[in-house]
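Chains as they are written, first to last, in the numbering used here: chain A, 1 to 272; chain B, 1001 to 1166; chain C, 2001 to 2258. Ideal Cβ placement from N, Cα and C applies to all residues, glycine included. Right, one structure below, let's go through it.
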Amino acid sequence: MSDNNKDTPLIEIRNLHFSRGGRKIFDGVDLDILRGKITAIMGPSGSGKTTLLRLIGGQLKPASGTINVDRHNVPELSHRELYKLRKRMGMLFQSGALLTDLNVFENVAFPVREHTKFPESMIRTLVLMKLEAVGLRGARDLMPNELSGGMARRVALARAIALDPMMIMYDEPFTGQDPISMGVLVQLIRLLNDALNMTSVVVSHDVQETMTIADYIYVISEGKVIGHGSPEQLNKSDSSWVKQFIHGMPDGPVPFHYPAKDYLEDLISGTG
Amino acid sequence: MIQTRIVEIWVGLFIAGGIAALFVLAMKVSNISTFSKVEGYELTARFDNVGGLKKTAPVTVAGVRIGRVGEITFDDTTYEAVVHLNIEKTYDKLPMDTTAGIFTAGLLGEQYVSLEAGGEEKYLADKDEIKITQSALVLEQVIGQFLFSKASEGGSSEGSSSSSSN
Amino acid sequence: MISWLRYLGRSGLSFFERLGRGNLFLFYILLGLPTLILRFRLVIQQLYVVGVLSLLIIIVSGLFVGMVLGLQGYNTLVDFGAEESLGVMVALSLVRELGPVVAALLFAGRAGSALTAEIGLMKATEQLSGMEMMAVDPMSRVIAPRFMAGIISMPLLAAIFSAVGVMGGYFVGVGLLGVDTGAFWSQMQDKISWSDDILNGVIKSIVFGVVATWIAVFEGYDAIPTSEGVSRATTRTVVHTSLAILSVDFVLTALMFE
């Protein structure tokens, strides 16, 4: 892969279509995620942001379209090739997805033990380094159920970077966090991205935090990309939809009311 | 990792226990093995017919079990069944003229060998033979004989043989 | 009427769809099995969870089933003066039928439901997805060892159940009711054949092991990843396994002992 220069995007999504249960989730999405940058994908709840990450990770197959990750079209990869590619991807799940029957140390060691034949002393050094990076070296003997939500996410982050992946995907990293752990996570994402020279994809609907760390933002709604650009560009956007989302206005192109028949008519009819 | 060790020990015990259970089923419950021999001495007895007598059936005197039936073989010179009886060591005072018979426990039960002590001074020793035997009662034969004698009784009311008198 | 037909058609379709998915699932498990030889430690861990933790219920139930068989059998046989055959009756019922079947039913309740709940919860908490994204195949890392452990455990548990049951029958028959020890064992050895009865019992329990573990891991893996979905899947495991075992038992018995 000698032609892998800095300018080609790491992930290139073209004309992505995906539907589930008869509902269209993506209807022709085009996305580029640049190497070494933090790209945020934003949109209201239920707009399929997590689904997008699963499509990139190859856990779901799109109806049509291409998803090129480092020049591999994910939907067409064989099982073996997909697993080989996933070794270079990290993903941070909303819940952390720590293995509940292993302690913190073993959780971080898990991918290392699975994929390498490193000696025990080397695994120990590696795991402690990763735990130190997220500030939880002291918590190595705790079990996942003894961790707070924020700590669990940091352990999961240490696990995701255990094999030094080329990219890491964050699924709603800020949801349900108190301001302090939110701050810690924001700082960690930035720090890890720059220090390890990774590519980061952040999926979130927390506008403020995301705006502070993202280099580039895509806003999706109803299966389409409705706006993209740097945080500054989006702030100045004149799309009414993007305005509503960024500033959190209750009514606008996304209506306050769920689609229904006429209010007065509904009251009078007295049935149903 | 002490925990792993405990797990491994338990799993080892489990597998050993399971195999032991299979072994017990094979050796003690099914016909794969012969019954373990009791310490004692062996007698033989010849029968015209052993009926349904099986290996390891009880050998009793006056209703008390004193041993078990060992090998049952067929002697093709005399056309008799040779039954080996394994008698327990403590019962070593069976007179020489002891008789052996094959009976059935209950109507449908198992057949066993019953010994009846005689009056001689000398006792049976290892490898001795019991001379006087009574064969197994085969139900079909008894019924057949009974029907036959009844029939001949009806056919010739006079001059019936002594065997049919009872 | 039409709606009833539609309902019937829909449930039929969903049944076959599930069956198909289940078969596909089994195929993937089987693909994952060869790699297990290199990592037998994972199977040992699961043998503990699936086998060792089921031991207590198997031993206690086996003992009581054997004792009840002893009592009931004695009461019936004594009327024919054939109480000597108690050993045969107890051992034959256990080795041929009750051992494999009851052990499998208990296994479904104890280990099968636990497997479903564990795998279902791993799915609900995204642990399985997490593994996939770490390029660790949950099929070979999570499902296959459990499947293997179930298949190894089942015949061992059934054998322990039968052996303990025979002991229970012996305690009651010989110890309490005064059946002759020799007759108890000798008739048993005489009537029970190693190849026809015991080996067939072992084959039965291996088949039950495959069926019970397959259903348990499939229900867990296929569960709707919510707490309600997992609890439903757990119930389904016990119900489906019990039905499957009893019907498979009928087929096997018809084939083996005709």
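TODO: Please report how far the alpha carbon of B:E1008 lies from the alpha carbon of A:A162, in whole angstroms.
DONE: Position 8 of the second sequence, counting from 1, holds the residue named residue 1008 of chain B. Position 162 of the first sequence, counting from 1, holds the residue named residue 162 of chain A. Approximately 29 Å, taken between the alpha carbons.
Neighbouring residues, chain C, relative to B:T1073 (Cβ below 9 Å) = If you number the second sequence from 1, residue 1073 of chain B lands on position 73. Near B:T1073 there are no residues of chain C at all, since even the closest Cβ is about 17 Å away, more than 9 Å.
- Please work out which residues of its chain come closer than 8 Å, Cβ to Cβ, to A:S148, disregarding the five sequence neighbours upstream and downstream, and give them in chain order. If you number the first sequence from 1, residue 148 of chain A lands on position 148. Excluding residues within five positions, the ones whose Cβ falls inside 8 Å are S181.
Return the CA-CA distance between A:V112 and A:A158, expressed in angstroms with no decimal places. Here residue 112 of chain A refers to the residue found at position 112 of the first sequence. Here residue 158 of chain A refers to the residue found at position 158 of the first sequence. For A:V112 and A:A158, the distance between alpha carbons rounds to 12 Å.
Where A:L290 sits in the DSSP three-state scheme: For residue 290 of chain A there is no data in the structure shown, the boundaries of chain A being 1 and 272.
Original post:
Hey, B:L1025 and C:I2198 are a contact pair by Cβ (cut 8 Å); roughly how many whole angstroms apart?
Top reply: Position 25 of the second sequence, counted from the first residue, corresponds to residue 1025 of chain B. Position 198 of the third sequence, counted from the first residue, corresponds to residue 2198 of chain C. Yes, they are in contact, since the Cβ atoms of B:L1025 and C:I2198 sit about 5 Å apart, within 8 Å.
- Same chain, Cβ closer than 6 Å to B:K1122, five either side skipped, listed in chain order: By 1-based counting over the second sequence, the position of residue 1122 of chain B is 122. The residues are M1096.
With burial defined as no fewer than 16 other Cβ atoms inside 10 Å of the residue's Cβ, what is the status of A:R228: buried or exposed?
The residue given as residue 228 of chain A occupies position 228 in the first sequence. What sits at residue 228 of chain A in the sequence shown is His, not Arg. Buried, since its Cβ has 16 or more Cβ neighbours within 10 Å.
Checklist entry - Taking all protein chains shown into account, do 16 or more other C-beta atoms lie within 10 angstroms of the C-beta of B:S1163, making it buried, or fewer, making it exposed? => result Residue 1163 of chain B sits at position 163 when you count from the first residue of the second sequence. A caution first: B:S1163 carries a pLDDT of 45, below 50, which makes its placement in the model unreliable, though a value can still be read off. Result: exposed.
Beta-carbon separation of A:G58 and A:L31 under 8 Å? By one-based count along the first sequence, residue 58 of chain A stands at place 58. By one-based count along the first sequence, residue 31 of chain A stands at place 31. The answer is no: Cβ separation not under 8 Å.
With DSSP collapsed to three states, give me the class of B:F1074.
-> Here residue 1074 of chain B refers to the residue found at position 74 of the second sequence. It is a strand residue.
- Can you find a CB in chain B that lies within less than 8 Å of the CB of C:G2178? As a first step, residue 2178 of chain C is located in the third sequence; it is residue number 178 there, counting from the start. Not an interface residue.
Among all the DSSP beta bridges, which residues are the ones paired with A:R20? Locating residue 20 of chain A in the first sequence gives position 20, where the first residue counts as 1. A:R23, per the DSSP bridge assignment.
- Query: Under a Cβ-count criterion, where at least 16 other Cβ atoms within 10 Å of its own Cβ denotes burial, should A:S230 be classed as buried or exposed?
  - Reply: Mapped onto the first sequence, residue 230 of chain A falls at position 230. Around the beta-carbon of A:S230, fewer than 16 other beta-carbon atoms lie within 10 Å, marking it exposed.
Show which residues of chain C have a CB atom less than 7 Å away from the CB atom of A:M198.
Translated into the one-based positions of the first sequence, residue 198 of chain A becomes position 198. Near A:M198 there are no residues of chain C at all, since even the closest Cβ is about 15 Å away, more than 7 Å.
Worksheet item: Quick one: Cα of A:H205 to Cα of A:G48, how far?
Response: For the purposes of this step, residue 205 of chain A is identified with residue 205 of the first sequence, where counting begins at 1. For the purposes of this step, residue 48 of chain A is identified with residue 48 of the first sequence, where counting begins at 1. Approximately 12 Å, taken between the alpha carbons.
- [ ] Specify whether the segment 2228-2240 of chain C and the segment 2198-2208 of chain C touch according to this definition: at least 3 beta carbon pairs, one from each stretch, less than 8 Å apart.
- [x] Taking one beta carbon from each stretch, the segment 2228-2240 of chain C and the segment 2198-2208 of chain C have fewer than 3 pairs nearer than 8 Å; the two do not touch.
>> Three or more C-beta pairs under 8 Å: does that hold for the segment 83-94 of chain A against the segment 18-35 of chain A?
In response: The segment 83-94 of chain A is not in contact with the segment 18-35 of chain A.
Item checked: Listed by chain order, chain B residues near C:F2047 by CB distance under 8 Å -> Taking the third sequence and counting its residues from 1, the one referred to as residue 2047 of chain C is at position 47. Sequence inspection shows Leu at residue 2047 of chain C; the Phe mentioned does not correspond to that position. By Cβ distance, chain B contributes V1011, F1014 and I1015.
- At which residue ranges does the segment 2102-2182 of chain C contain complete alpha helix (DSSP H) runs of 4 or more residues, listed in the order of the chain? List check, alpha helix (DSSP H) in window: 2113-2124, 2127-2133 and 2144-2170.
Looking at the C-beta of A:P111, does it have a partner C-beta in chain C at a distance below 8 Å? Residue numbering aside, residue 111 of chain A sits at position 111 when the first sequence is read from its first letter. Interface residue, yes.
Minimum Cβ-Cβ distance from C:G2220 to chain A less than 8 Å
Against the third sequence, residue 2220 of chain C aligns to sequence position 220. Closer than 8 Å: no.
| request: Report yes or no: do three or more beta-carbon pairs, one from the segment 2012-2024 of chain C and one from the segment 2074-2090 of chain C, lie closer than 8 Å? | output: With a cut-off of 8 Å, the segment 2074-2090 of chain C and the segment 2012-2024 of chain C do not count as touching, because too few Cβ pairs lie within range.
Report task. Flag this pair as touching only if the segment 245-259 of chain A and the segment 2105-2125 of chain C have three or more C-beta atom pairs under 8 Å; answer yes or no. Result -> The segment 245-259 of chain A and the segment 2105-2125 of chain C do not touch, with fewer than 3 CB-CB distances between them shorter than 8 Å.
Quiz prompt | Cβ of A:F18 within 8 Å of any chain C Cβ | solution = Taking the first sequence and counting its residues from 1, the one referred to as residue 18 of chain A is at position 18. By the rule that beta-carbons nearer than 8 Å mark a contact, A:F18 does not touch chain C.
Handout entry: Residue from C:L2156, C:A2149 and C:M2167 whose Cα sits closest to the Cα of C:V2049
Key = The residue given as residue 2049 of chain C occupies position 49 in the third sequence. From the listed residues C:L2156, C:A2149 and C:M2167, the smallest Cα separation to C:V2049 is found for C:A2149.
Along the beta strand (DSSP E) that carries B:L1085, what are the first and last residues, could you check? The residue given as residue 1085 of chain B occupies position 85 in the second sequence. Segment E1080 to E1088, the beta strand (DSSP E) holding B:L1085.
task = Could you please give the first and the last residue of the uninterrupted alpha helix (DSSP H) stretch that includes C:Y2074?
result = Taking the third sequence and counting its residues from 1, one reaches residue 2074 of chain C at position 74. Taken as a continuous stretch (DSSP letters only), the alpha helix (DSSP H) holding C:Y2074 covers L2055 to L2077.
Inter-residue Cα distance where the pair is B:L1094 and B:T1073 | Position 94 of the second sequence, counting from 1, holds the residue named residue 1094 of chain B. Position 73 of the second sequence, counting from 1, holds the residue named residue 1073 of chain B. Cα to Cα, the separation comes out at about 23 Å.
Query raised in the report: How big is the Cα-Cα spacing for B:F1035 and C:L2255?
Result: Numbered from 1 along the second sequence, position 35 holds the residue referred to as residue 1035 of chain B. Numbered from 1 along the third sequence, position 255 holds the residue referred to as residue 2255 of chain C. Only weak support is given to the placement of B:F1035: the predicted model assigns it a pLDDT of 46, under 50, and the question is left unresolved by the model.
*Does C:G2229 get closer than 8 Å to chain A when you measure Cβ to Cβ?*
As a working note, residue 2229 of chain C is residue 229 in the third sequence. So, not an interface residue.
So if DSSP puts A:E12 in a beta bridge, which residue, or which two residues, is it bridged to? Position 12 of the first sequence, counted from the first residue, corresponds to residue 12 of chain A. In DSSP, A:E12 forms a bridge with A:D32 and A:N68.
Residues of the segment 1081-1097 of chain B whose Cβ lies closer than 8 Å to any Cβ of chain C, in chain order:
Hits within the stretch: zero.
### Message
Considering only their Cβ atoms, is the gap separating C:V2102 from C:V2065 smaller than 8 Å?
### Response
Taking the third sequence and counting its residues from 1, one reaches residue 2065 of chain C at position 65. Taking the third sequence and counting its residues from 1, one reaches residue 2102 of chain C at position 102. The answer is yes: Cβ separation under 8 Å.
Output the distance between the C-alpha atoms of A:L52 and A:Y170, rounded to the nearest integer angstrom.
-> As a working mapping, residue 52 of chain A is identified with position 52 in the first sequence. As a working mapping, residue 170 of chain A is identified with position 170 in the first sequence. Taking the straight line joining both Cα atoms gives about 11 Å.
Q | Residue-level contact to chain A via CB, C:S2061, 8 Å cutoff | A | Within the third sequence, numbered from 1, the residue matching residue 2061 of chain C stands at position 61. Chain A contact via Cβ: absent.
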